[in-house]
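Novice: Quick note on the working numbering: the sequence shown kicks off at 2 and runs consecutively.
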Amino acid sequence: QGAHGMSAPRDQQIIDALVGLLKTITVANGYRTDAGLYVFDEEDRERDVPDDAIATEIIDTDETLRAQNRKEREADLRIRIDALVPWETTPKPRAAARNALADYRQAIATINQPPGWIKGVTNVALGGRRIPPRVAGSAYVEASLDVQVTYIETHTRSN
2 QGAHGMSAPR DQQIIDALVG LLKTITVANG YRTDAGLYVF DEEDRERDVP
52 DDAIATEIID TDETLRAQNR KEREADLRIR IDALVPWETT PKPRAAARNA
102 LADYRQAIAT INQPPGWIKG VTNVALGGRR IPPRVAGSAY VEASLDVQVT
152 YIETHTRSN
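(1) Got a sec? Which residues, its chain only, sit under 7 Å from Thr-123 by beta carbon, not counting five neighbours each side?
(2) For the alpha helix (DSSP H) that Leu-102 lies in, which residues bound it at each end?
(3) Counting Cβ pairs closer than 8 Å, one from the segment 94 to 102 and one from the segment 62 to 70, do we hit at least three?
(4) Going by the CB atoms, is the gap between Val-20 and Pro-55 shorter than 7 Å?
(5) Let me know the secondary structure DSSP gives Arg-71 once reduced to three states.
(6) Measure the Cβ-Cβ separation of Val-50 and Arg-95 and say whether it is below 7 Å.
(7) Using 10 angstroms around the beta-carbon of Asp-53, count the other beta-carbons present and answer buried if the total reaches 16, otherwise exposed.
(8) Under 7 Å, do Leu-146 and Arg-135 count as touching if we go by C-beta distance?
(9) Tell me the residue span of the beta strand (DSSP E) that contains Ala-36.
(10) Excluding sequence positions up to five away, which residues of its chain have a Cβ less than 6 Å from the Cβ of Ile-82?
(11) For Glu-58, which beta-bridge partners are listed by DSSP?
(12) Using DSSP bridges, identify the partner residues of Thr-151.
(13) DSSP on Gly-129, reduced to helix/strand/coil?
(14) Thinking just about the alpha-carbon of each residue, which of Asp-45, Thr-90, Gly-31 and Lys-120 is nearest to the one in Gln-107?
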């Protein structure tokens with residue numbers, strides 16, 4: 002709850018829920034990787050990640066309007082989930098990146114949608130993925146998965 006008792010905006014609720022979901026990605030939980038041990042959103046400044054661990058970052062890149070009718074609007078929130086796989090300490094870093102992206106997809110596919118996840122969310126869609134060539138001198142192979150969350154929000158004092 003924010004100032005004046007208002008709840009967090011819908012996009013913040015979505016990011017927070019995805020961070021929590023991604024943190025469940027561990028080998029002990031039946032996934033291929035431990036990519037969920039070090040999950041950050043873009044604003045996390047303190048990042049104490051071991052040299053041999055995959056780090057996961059979630060960024061909401063943009064939002065587009067689908068429709069609006071007075072106080073109710075429907076929008077698509079585009080999110081990018083990045084896996085930073087250590088180059089030096091990972092035997093096959095591109096294969097590890099593929100595994101991490103597969104784990105992200107598997108975790109997101111467990112969302113009970115709709116209803117049952119976040120009020121107003123009508124769809125969670127998995128998009129494409131990218132594993133570009135490692136930038137010369139970079140300590141990581143950086144891979145990313147696109148996710149699109151469609152939601153409806155009502156702009157009232159009690160939103």
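Glycine included, each C-beta is placed from N, C-alpha and C at the ideal position. All of these numbers come straight from a predicted model, not from anything done at the bench.
Specialist: A quick look at the data gives this:
(1) Excluding sequence neighbours, Thr-123 sits near Pro-115, Thr-151, Tyr-152 and Ile-153.
(2) Segment 94 to 109, the alpha helix (DSSP H) holding Leu-102.
(3) Per the Cβ contact rule, the segment 94 to 102 is not in contact with the segment 62 to 70 (fewer than 3 Cβ pairs under 8 Å).
(4) Per the sequence presented here, residue 55 reads as Ile, with Pro not at that position. The answer is no: Cβ separation not under 7 Å.
(5) When DSSP states are grouped into helix, strand and coil, Arg-71 belongs to the coil group.
(6) No, the Cβ-Cβ distance between Val-50 and Arg-95 is not below 7 Å.
(7) The residue in question, Asp-53, is exposed, as its Cβ has fewer than 16 Cβ neighbours within 10 Å.
(8) No, they are not a contact pair.
(9) The continuous stretches of beta strand (DSSP E) do not include Ala-36, and DSSP gives it neither H nor E.
(10) The residues are Ile-59, Tyr-105 and Leu-146.
(11) In the DSSP assignment, the residues bridged to Glu-58 are Phe-41 and Asp-83.
(12) Paired residues: Asp-77 and Asn-124.
(13) Note: Gly-129 maps to strand in three-state DSSP.
(14) Looking at Asp-45, Thr-90, Gly-31 and Lys-120, the one whose alpha-carbon comes closest to that of Gln-107 is Gly-31.
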